[in-house]
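Participant: Residue 7 is where the first sequence starts when you use the numbering used here, and the numbers rise one by one after that.
Idealized CB from N, CA, C, for every residue including glycine.
All values derive from a computational prediction rather than experimental measurement.
For reference, the structure I am asking about is given below.
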Amino acid sequence: MPRGAFSDHSSPDMSLTAFSKRIALVDCNNFYVSCERVFQPDLQGVPVAVLSNNDGCIIARSNEVKALGVKMGVPYFQVRPLFERHHVRVFSSNFALYGDMSQRVMSTLARLSPDFEIYSIDECFLDMTGFGEPLEYAKEIRSTVKRWTGIGVSIGIGPSKTLAKVANKLAKKDQTGPGIRMLEPGDELEETLSALPVEGIWGIGKSLARRLKRRKIHSALNLRDASDRRITRILGALGQRIVYELRGISCLSLEEQPPAKQTICTSRSFARSVRTLEGLQEAISTFVSRAAEKLRSQGSAAGVLTVYIMTSHFGESSKYYNSLVLELPVPSCITHELLNYALIGLHRIYKKGYDYKKAGILLSNIVPSGSIQRDLFDRLGEPAGVSESPRRRGERLMKTLDRINTEFGSDTLIYASSDLRKGWRTVRGHQSPRFTTNWRELPLVKALLP
DNA sequence: TCTGGGGTCCTAGGACCC
DNA sequence: TCTGGGGTCCTAGGACCC
C-alpha cells in the first residue's frame, strides 16, 4: 500500500473493540547521552548534556538535566551558569559515534523482529501483529538491546504508528516503570487521549494546533471523535490520516526499504566567522565531497546544485545572505564536476567585507544514476546505444563553464528556498535582499540551459 | 562573546493541453 | 459581441519531524 493510502473503511469501528494491528515503537532513551554513557560508565546517575556543532545549543539531555527544566535546543551560553551550579557534564557532539551505536541498536532489533522500519537515528517501528504476548516480547527486546549495546530503550505498542507514538510517550514519562506501555481499547485509552493536547500528537505542530484550538478541538480525544468532514475541512488529507490512526485504524504502513533521498544538503555554521573567499571555498569543497559521497552511496546523481552563504542572523553586525541555483547539464555524482559548479556559484555570490557564519550546499533533482546515460542521450539528441566518450564529455562540460563565465553578468541575485528565506525574514529591520524562487529565470541558469 | 543539521509531505495555483 | 471546462503536471511555500 502506498504511503498515506487508506484501507477500506466505509464505517470506521468507533467502538475500538478489535484492533487489527500491533505496532511497536522502540525509542532509545536520551540517545546521544546514552551513547556517551556506554563508553564512560562514571556518567551514570550524573547530569549529562550533549551540544550541537560548535557547542552552540543543547541537543540531548539526561533525565537529571531535563529535571532542571532545560529545554531542547536552548543556546548553551544561556544555561551555562545553571550547568556549573549543578555540575552538569557537557559533551561536544560526536555523530560518528552516534551513527555507529544506532546501527548496532538497529541490527539488534532486526534480529528480533522481521518487519521493521528505521524511522530516525534513535527510533524504530516493529510490526508485532500476530505475536502472542506483546508485553513479554517487548521485555525481551528491551533487555536484549540493553545487554548487547548498553543502550536503554522505551517501547510503546499500539494498533497504529500514531498510537504507538502516544504509548511510547507514556512509557518514557513513567521513569520508574518498566519502560513499556501498550494501548488497548477501553477507559484507559479514553483517559490518555483526553489528557493529550493536540500538539502532542505526531504530525501536529504549533501552527496546526492553533488552527484546531480555534475550533474548540483541544485534546486528542476531541480530534479522534470529530466528524470526518469537519477534520478534512480543517486539516485536509493529513488530518484524515491522523484521525484514523487515533481511532486505531492503521493508515501508515511500515517502510522497510528506506527510499532514496530526494534532496541532500550539507551545511555548517562556522565556529569562527570566515571573511575570505578562500576560506569559503575550502568549506564548500568539503561540503561537496561529503554530499557527493552520500549521493554515490545511494546510487544517485543530482541535477541541481544550490550553494549559499550567510552572515549571522543575530546581533547588530551587517548582514548578507546569498545563494545561487545551478542546473547541471547532466546529473552527476562526481565530486569534481559538482565542485566546479559550486565554486563558480560561490564566486558569484561572494561579497567582500562580511563575516560569514554559515555556508552550505543543497543537491536536488536527484535521479538514479542508471538513468543518467539515457538523460544524456536525450539532451545531446543522440541515439541511445552510442556512448559519449569521456573526452567529448569533458569538452562539453568545459564549453558550458566557459559560457557561464562569459555570459553571466552582474549578480543582482537571487534565489532562496523557503527554509532559507524563513530564517532571513526573522531578522528585524533588515533590508531583505531581492529574492526569487523561480530559479529558471536566474541569468546563470538561463545561461546553462541549452 | 556564544543560537544545530538534516530531512519529508501536502497543497494551492499557474501553465498547458485538448 | 459573446470567450469552456476538465485533467495533468510542476513549482513554491508552508508545516512537520528527529
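1. Comparing alpha-carbon positions, which option in Gly206, Pro165 and Arg148 lies nearest Gly183?
2. Determine the direct distance from the alpha carbon of Ile240 to that of Gly136, and round the result to whole angstroms.
3. Just how far apart, CA to CA, sit Leu301 and Ile315?
4. My understanding is that Ser213 touches Ser306, with C-beta atoms under 8 angstroms, so please give their C-beta distance in whole angstroms.
5. With distances taken from CA atoms, which of Leu31, Val85 and Ala298 is nearest Pro337?
6. When you compare the CB positions of Phe276 and Lys364, do they come within less than 9 angstroms of one another, or not?
7. Would you check if there are 3 or more beta carbon pairs closer than 8 angstroms linking the segment 325 to 345 to the segment 271 to 287?
8. Check whether the Cβ atoms of Val44 and Glu70 sit closer than 9 angstroms, and answer yes or no.
9. Taking Cβ positions, are Glu80 and Cys63 nearer each other than 9 angstroms?
10. Counting only runs of 3+ residues fully inside the segment 105 to 181, write out the beta strand (DSSP E) ranges in chain order.
11. What are the start and end residues of the beta strand (DSSP E) that includes Cys41?
12. Please report the straight-line C-alpha distance between Lys325 and Ile255, rounded to a whole angstrom.
13. Would Gly164 be called buried (16 or more neighbouring beta carbons within 10 Å of its own) or exposed?
14. When you compare each of Leu244, Ser126 and Lys145 to Gly185 by their alpha carbons, which one comes out closest?
15. Determine the DSSP secondary structure at Gly254, reduced to helix, strand or coil.
16. Closest to Lys27 by CA distance: which of Thr114, Gln84, Thr168 and Pro47 is it?
17. Quick one: residues in its chain with C-beta nearer than 8 angstroms to the C-beta of Phe293, no 5 flanking neighbours on either side, listed in chain order?
18. Please determine, among Asp180, Glu90 and Arg110, the residue with the shortest C-alpha to C-alpha distance to Arg153.
19. Can you give the beta carbon distance from Gly162 to Asn174, rounded, assuming they're within the 8 angstroms contact cut?
20. Under a three-way DSSP split, which group does Leu52 fall into?
21. Determine the extent of the alpha helix (DSSP H) in which Glu333 is found, giving its start and end residues.
22. Would you list the residues sitting across from Ser370 in a DSSP beta bridge?
23. What does the Cβ neighbour count give for Ile340, buried or exposed, with the cut at 16 atoms within 10 Å?
24. Please classify Pro120 as buried or exposed, where buried requires at least 16 other C-beta atoms within 10 Å of its C-beta.
25. Could you tell me the distance, in whole angstroms, from the CA atom of Gly108 to the CA atom of Ile127?
26. Determine the DSSP secondary structure at Ser26, reduced to helix, strand or coil.
27. How about Asp133 and Ala30: are their beta carbons less than 9 angstroms apart?
28. Contact check, Val204 vs Leu229 under 8 angstroms by CB: the rounded distance?
29. Go ahead and label Asp33 buried or exposed: buried means 16 or more other beta carbons lie within 10 angstroms of its beta carbon, across all protein chains shown.
30. Please go through the same chain and pick out, in chain order, the residues whose beta-carbon is closer than 7 angstroms to the beta-carbon of Thr238, but skip the five residues on each side of it.
31. In the DSSP assignment, find the unbroken alpha helix (DSSP H) run with Ser291 in it and report its ends.
Facilitator: Let's see:
1. Each of Gly206, Pro165 and Arg148 was checked against the Cα of Gly183, and the nearest Cα belongs to Arg148.
2. 36 angstroms
3. Their backbone Cα atoms lie some 22 angstroms apart in a straight line.
4. Contact flag wrong, Cβ pair sits at about 32 angstroms.
5. Checked all of Leu31, Val85 and Ala298; the closest Cα to Pro337 is Ala298.
6. yes
7. no
8. no
9. The identity of residue 80 in the sequence shown is Val, whereas the question assumes Glu. It is a contact, given that the beta carbons lie within the stated cut-off.
10. For the segment 105 to 181, the continuous beta strand (DSSP E) assignments of 3+ residues that do not extend past its boundaries occur at 122 to 126, 129 to 133 and 159 to 164, in sequence order.
11. No beta strand (DSSP E) holds Cys41; the alpha helix (DSSP H) holding it covers Phe37 to Phe45.
12. 50 angstroms
13. buried
14. Lys145
15. coil
16. Ranking Thr114, Gln84, Thr168 and Pro47 by CA distance to the CA of Lys27 puts Thr168 first.
17. Thr272, Ser273, Arg274, Ala348, Ala365, Gly366 and Ile367
18. Between Arg153 and the set Asp180, Glu90 and Arg110, the nearest pair of CA atoms involves Arg110.
19. 3 angstroms
20. The sequence given here places Val at residue 52; Leu does not occur at that position. Val52: coil per DSSP, three-state reduction.
21. Here Glu333 belongs to no alpha helix (DSSP H); instead the beta strand (DSSP E) covers Tyr327 to Ser338.
22. Val310
23. Taking all protein chains shown into account, Ile340 has fewer than 16 neighbouring C-beta atoms within 10 Å of its C-beta and is therefore exposed.
24. exposed
25. The question names Gly, but residue 108 in the sequence shown is Ser. Spanning the two alpha carbons is a distance of roughly 6 angstroms.
26. coil
27. Going by beta carbons, Asp133 and Ala30 fall inside the 9 angstroms limit.
28. 6 angstroms
29. buried
30. Gly245 and Gln246
31. Leu283 to Ser303
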